[in-house]
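K.L.:
Okay, so the sequence shown: first residue is 429 according to our numbering, each after it adds one. For each residue, glycine too, the CB sits at the ideal point set by N, CA and C. All values derive from a computational prediction rather than experimental measurement.
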Amino acid sequence: MIRKLFRRVFLRGDPVRRKAETIPASKHGIRRDQVSPGARRTCEALQKHGFKAYVVGGAVRDLIAGIPPKDYDVATNATPDEVRGVFRRSRIIGRRFQIVHVMQGPETLEVSTFRAAHDADTLKDEHGRVLRDNVWGSIEEDAARRDFTMNALYYDPTDEVVLDFHNGVQDIQRKTLRMIGDPRARYREDPVRMLRAVRLAAKLDLRLDPQVQAPIRDMADLIDNVPAARLFDEMMKLLFSGHAVDCIRRLRDDGLHHGLLPLLDVILEQPMGEKFVMLSLANTDARVRADKSVSPGFLFATLLWHEVLASWEVRKKNGEPPVPAMFGAMDEVLDLQAEKLAITKRIASDIKDIWLLQPRFEKRAGRAPQRLIEQPRFRAAWDFLVLRAESGEAPQELADWWGDFQDASHEEREKMLVPDTDKKRKRRSRGRGRKEGGAKVSDGDTP
Ligand code: ATP
Ligand code: MG
């Protein structure tokens with residue numbers, strides 16, 4: 429018993445439970461009307477039923493930092509079943525980490541029950557990663573389990589105070605990301621926190637506390653034990669944070685990218701493709717910040733394009749015909765990523781569509797351009813070509829030609845077509861059998 433206590437306090441570095449400091453509106457600066465109506469209604473309804481309920485986590489942090497939150501989490505002492513009982517439009521989701529989705533008009537709120545601290549009985553894998561997590565606890569325990577001090581803030585929209593368990597408000601004001609408890613122990617429990625640290629620092633323009641920063645380099649290998657689907661989600665959050673360029677810069681400055689994820693190595697270590705990748709990330713950041721839609725398939729296609737080109741070249745040099753070489757290159761590149769990142773089937777197919785359309789932009793004769801323009805993924809593929817041209821990898825004139833061709837009338841398009849010098853050769857070869865795989869890639873040159 430005493431040994432267990434000793435281990436818990438001194439060796440495992442588990443975060444210490446603390447009493448909250450109550451911060452009034454004059455100090456935290458959040459006005460009730462800044463909080464979404466759905467989040468307020470959810471807290472009020474739970475409180476009316478005698479439960480405690482707070483807006484928690486990233487939303488409180490963002491509001492104090494002056495950034496509009498993109499979603500709201502609510503924490504309560506009601507169990508998931510009790511929450512279900514209060515809201516007709518709600519459902520329990522998750523197993524390892526049960527939460528309730530409460531629908532309020534157009535909003536969906538994530539409501540979670542205060543969770544207990546981990547102890548020696550918590551189910552973990554052999555590296556210390558927590559595997560199961562549905563033991564309810566006190567608000568102090570719930571706060572101590574969160575990752576960074578500024579993520580352990582609880583806002584009560586009824587009395588408008590913030591409960592601050594680990595000096596998070598001060599850390600926001602000082603722009604320093606600090607971990608609750610011992611960073612090494614917390615990274616071991618959940619290695620994804622390393623990626624979260626970098627993402628949050630970029631989003632809120634924070635400096636990493638040296639203790640948060642220092643262990644990342646040594647501990648990056650632990651990311652290998654995280655399930656691929658979770659890493660994929662985390663990578664999506666990083667790439668679509670609106671601060672991807674800054675995240676990547678921070679990773680590079682700190683030398684943290686090596687071995688963290690093959691996708692990051694690709695982004696950061698391709699001399700040829702660097703300009704292209706950075707343009708694409710900057711483009712994505714601008715779209716996210718302007719609240720425009722972004723397509724994961726498009727972004728992943730750009731990030732991996734130069735890998736595909738390199739592998740395609742090698743295969744062609746080794747005598748593979750261009751079309752099967754392209755298919756081989758695409759599969760090789762995507763399979764390598766799939767070892768760590770579970771890229772969904774749908775996104776993989778979007779990526780391939782965009783890649784396969786690239787060589788077809790070379791054909792500006794006959795019926796090919798019209799057929800290309802009718803492809804459902806034409807627009808994305810053309811945007812991709814525009815980026816390639818901007819980075820100097822494809823001729824600007826080609827991208828412009830396709831821009832004009834799309835906008836032109838039927839007659840104008842006819843005039844734009846270049847004479848088809850290949851026609852005779854093609855007609856002759858047609859009788860000798862079909863192209864392999866019936867592929868959409870041209871058998872032409874490098875795109
Ligand atoms: P954002 O929503 O801006 O991406 P966030 O901090 O809200 O950032 P979420 O993934 O929405 O991130 O998590 C909500 C809250 O849950 C966090 O603020 C934090 O308190 C807690 N949390 C999330 N992930 C972890 C983790 N890996 N370890 C500990 N606590 C976490
Ligand atoms: Mg959040």
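CA-CA distance, arginine 524 and alanine 656?
P.N.:
16 Å
K.L.:
Go through the segment 619-662 residue by residue and report every complete run of the alpha helix (DSSP H) that reaches 4 residues or more, in order.
P.N.:
620-632 and 638-647
K.L.:
Is the number of C-beta pairs between the segment 534-548 and the segment 488-506 that are closer than 8 Å three or more?
P.N.:
yes
K.L.:
In whole angstroms, give me the CA-to-CA distance for glycine 441 and valine 597.
P.N.:
The predicted position of glycine 441 is uncertain, since its pLDDT is 45 and thus under 50; a value taken from the coordinates is nonetheless stated next. Whole-angstrom Cα-Cα distance: 23 Å.
K.L.:
Could you pull the DSSP bridge partners for isoleucine 451 from this structure?
P.N.:
Val590
K.L.:
Mind checking whether the beta-carbon of arginine 958 lies closer than 7 Å to any heavy atom of the ligand ATP?
P.N.:
Outside the displayed span of the chain (429 to 875) sits residue 958, for which this structure offers no information.
K.L.:
Looking at the ligand MG, does it come within less than 7 Å of aspartate 832, judged from the CB to the closest heavy atom?
P.N.:
no
K.L.:
Starting from valine 736, trace the alpha helix (DSSP H) in both directions and tell me its first and last residue.
P.N.:
724-745
K.L.:
Return the first residue and the last residue of the beta strand (DSSP E) that histidine 555 is part of.
P.N.:
Note, histidine 555: premise wrong, no beta strand (DSSP E); not H, not E.
K.L.:
Please report how far the alpha carbon of glycine 872 lies from the alpha carbon of proline 749, in whole angstroms.
P.N.:
Unreliable positioning characterises glycine 872 in this predicted model, as indicated by a pLDDT of 35, which lies under 50. The coordinate reading is nonetheless provided below. Approximately 10 Å between the Cα atoms of the pair.
K.L.:
Below 8 Å on the Cβ atoms is my contact criterion, and I expect glutamate 449 with aspartate 584 to pass it. Report the Cβ-Cβ distance as a whole number of Å.
P.N.:
At roughly 14 Å, the Cβ-Cβ gap does not stay under 8 Å, so glutamate 449 and aspartate 584 are not in contact.
K.L.:
Would you check whether the ligand ATP has a heavy atom nearer than 7 Å to the C-beta of valine 654?
P.N.:
no
K.L.:
Any heavy atom of the ligand ATP closer than 7 Å to the Cβ of valine 716?
P.N.:
no
K.L.:
Counting only runs of 3+ residues fully inside the segment 477-538, write out the beta strand (DSSP E) ranges in chain order.
P.N.:
481-484, 501-504, 518-521 and 527-532
K.L.:
Could you tell me whether any Cβ in chain B is nearer than 8 Å to the Cβ of arginine 795?
P.N.:
Of the protein chains in the structure, only one exists, and it is not chain B.
K.L.:
Can you confirm whether the segment 618-625 touches the segment 634-645 when touching is taken to mean that 3 or more C-beta pairs between the two stretches lie within less than 8 Å?
P.N.:
yes
K.L.:
Please confirm whether any heavy atom of the ligand MG lies closer than 7 Å to the CB of glycine 486.
P.N.:
yes
K.L.:
Just tell me which of Phe479, Glu662, Met706 and Val484 has its CA closest to the CA of isoleucine 676.
P.N.:
Met706
K.L.:
Please list, in chain order, all residues of the same chain as phenylalanine 479 whose beta carbon is under 6 Å from its beta carbon, the five residues on each side excluded.
P.N.:
Thr504, Asn505 and Ala506
K.L.:
Taking its Cβ as the centre, do 16 or more other Cβ atoms sit within 10 Å of glycine 486, making it buried, or is it exposed?
P.N.:
By the neighbour-count definition (other C-beta atoms within 10 Å, threshold 16), glycine 486 is a buried residue.
K.L.:
Which residue marks the beginning of the alpha helix (DSSP H) containing aspartate 610, and which one marks its end?
P.N.:
Under the DSSP assignment, aspartate 610 falls outside any alpha helix (DSSP H); it carries neither an H nor an E label.
K.L.:
Is aspartate 713 near the ligand MG, going by C-beta to nearest heavy atom under 7 Å?
P.N.:
no
K.L.:
Starting from the Cα of glutamine 896, find the closest Cα among Gln803, Leu815, Pro823 and Glu818 and give me that residue.
P.N.:
This structure does not reach residue 896, given that the chain is present from 429 up to 875, and the question cannot be answered.
K.L.:
Three or more beta-carbon pairs under 8 Å between the segment 784-798 and the segment 666-674, yes or no?
P.N.:
no
K.L.:
Whole angstroms are fine: how far does the CA of leucine 826 sit from the CA of lysine 703?
P.N.:
About 19 Å.
K.L.:
What is the rounded straight-line gap between the Cα of threonine 577 and the Cα of alanine 493?
P.N.:
14 Å
K.L.:
Just the C-alpha distance for tyrosine 482 and phenylalanine 542, rounded to the nearest angstrom, thanks.
P.N.:
11 Å
K.L.:
Quick one: give me the first and last residue of the beta strand (DSSP E) that aspartate 584 is part of.
P.N.:
581-584
K.L.:
Over the uninterrupted alpha helix (DSSP H) stretch that includes aspartate 759, give me the two end residues.
P.N.:
750-766
K.L.:
Answer yes or no: do aspartate 828 and methionine 844 have a C-beta to C-beta separation smaller than 8 Å?
P.N.:
no
K.L.:
Whose C-beta lies closer than 7 Å to the C-beta of leucine 709 among residues of the same chain, with five residues either side of it excluded?
P.N.:
Ala672, Val673 and Ile676
K.L.:
Near serine 819, what residues of its chain come up, given a Cβ to Cβ distance below 7 Å and the 5 sequence neighbours on each side ignored?
P.N.:
Lys703, Phe704 and Leu707
K.L.:
Per DSSP, what are the beta-bridge partners of phenylalanine 576 in this structure?
P.N.:
Met607
K.L.:
Specify the secondary structure class of arginine 460 as computed by DSSP and reduced to three states.
P.N.:
helix
K.L.:
Could you give the uninterrupted runs of the alpha helix (DSSP H) lying entirely in the segment 780-816, keeping only those of 4 residues or more?
P.N.:
Scanning the segment 780-816 for uninterrupted alpha helix (DSSP H) segments of 4 residues or longer gives 796-801, listed from N- to C-terminal end.
K.L.:
Evaluate contact between the segment 562-577 and the segment 459-474, counting only Cβ atoms and requiring at least three cross-stretch pairs below 8 Å.
P.N.:
The segment 562-577, when compared against the segment 459-474, does not touch it at the 8 Å Cβ threshold.
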